[in-house]
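Here the sequence shown is numbered in my numbering, starting from 79 and rising by one per residue.
A virtual CB, placed ideally from N, CA and C, is assigned to each residue, including glycine.
Written out below as structure tokens is the structure these notes cover.
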Amino acid sequence: QVQLVESGGGLVQAGGSLRLSCTASGSIFSRNTMAWYRQAPGKQRELVAVITSGGSINYADSVKGRFSISRDNAKNTVYLQMNSLKPEDTAVYYCWGSYSGSGTYWGQGSQVTVSS
79 QVQLVESGGG LVQAGGSLRL SCTASGSIFS RNTMAWYRQA PGKQRELVAV ITSGGSINYA
139 DSVKGRFSIS RDNAKNTVYL QMNSLKPEDT AVYYCWGSYS GSGTYWGQGS QVTVSS
């Protein structure tokens, strides 16, 4: 069993920055793929960024150049650094992990609100 616990959401003005963290427990963190998704009101959940155990990274076009995903295997933590935030980035952000031999898991969600 794996638990993903998120932190770092909040309210920020447009142009500001936030960093989300997601700490995993219960599995060997390094052998997995981690990602951040988001879901805005009335919209489907969408992939924001993904990082594999080998360090390969991909971003949604809407966040390229503004968001950065990283991981610290020693701390079992994945981060999402969000810069130059826009009101359209407002959403609940979810951490997601795919663990070899264990399955996939979601964090509890963190609200990010960007005011104009």
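Asked	Found
Spatial neighbours of T191 in its chain, beta-carbon cut-off 7 Å, leaving aside the 5 residues before and after	L89 and T168
C-alpha distance - P119 paired with Q189, whole-angstrom precision	11 Å
Option nearest S103 by Cα separation, candidates Q81, G181 and D150	Q81
Beta-carbon proximity check, Q117 vs V156, cutoff 8 Å	no
Own chain, CB closer than 6 Å to G87, minus 5 neighbours either side, in chain order	S188, Q189 and V190
Beta-bridge pairing of E124 - partner residues as DSSP gives them	R116
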